Amino acid sequence: MGTQQLLLIVLGVIIVGIAVVVGINIFGSNAEQANKDAITQDCLRITAAAQGYYRKPAMLGGGDNSFDNIEITDCGMSESGSTLTGENVNATYTIVGAADLFTVTGASLSEDNAGAPKEVSVTCDMTQAEENRIAISYDAW
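The numbering used here numbers the first residue of the sequence shown as 1 and each following residue consecutively.
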């Protein structure tokens with residue numbers, strides 16, 4: 001083989017290698033964003049179900065304008081270890097409800113580089129106006 005052909009083969013291998021590395025990096029960041037979005041959506045769904053529990057009369061199995069005694073099963077999830085914890089393929093979810101305040105925290109099943117779980121928290125304060133009722137926060141993303 002000529003020198004020119006060997007040079008073209010080496011150049012082709014280098015270009016393909018760089019393309020593979022770039023593709024892997026792009027896929028990894030998109031997968032992380034998709035996981036964050038999925039956990040956020042799950043937290044919002046749980047919060048919406050909790051608001052339904054809050055508004056439902058006690059004689060129908062609701063909270064009668066209180067988040068006291070709410071359980072994860074009231075929010076449409078199966079319990080996992082305790083009545084306040086549930087899990088799916090995206091994360092482990094923990095709820096805390098007291099009077100007019102409800103918080104759900106989704107801890108990702110994957111961890112950040114430091115080993116800490118990535119978390120999404122959604123808080124619902126029923127004393128606030130409807131447009132200010134929900135607050136979302138992200139930790140370790």
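All residues carry an ideal CB built from backbone N, CA and C; glycine is no exception.
The model shown is predicted, which means the values in this text are computed figures rather than measured ones.
Cβ-Cβ distances below 6 Å link Ala58 to Asp64 in the same chain, with the five nearest sequence neighbours on each side left out; the list follows chain order. The alpha-carbon of Asn90 is positioned some 7 Å away from that of Ala38. Counting only residues of its own chain and dropping the five nearest sequence neighbours on each side, Gly76 has a CB closer than 8 Å to the CB of Arg45, Ile46, Ala49. The DSSP-derived three-state label of Ala140 is coil. With fewer than 16 other Cβ atoms inside 10 Å of its own Cβ, Thr73 counts as exposed. In the DSSP annotation of this structure, Phe102 is not part of any alpha helix (DSSP H); the continuous beta strand (DSSP E) holding it starts and ends at 101–111. For Leu109, the closest C-alpha among the options Glu87, Asp42, Leu8, Val122 is that of Glu87.
It is roughly 34 Å from the alpha-carbon of Leu7 to the alpha-carbon of Ser29. Thr123 is positioned such that its CB atom lies closer than 7 Å to that of Ala135.
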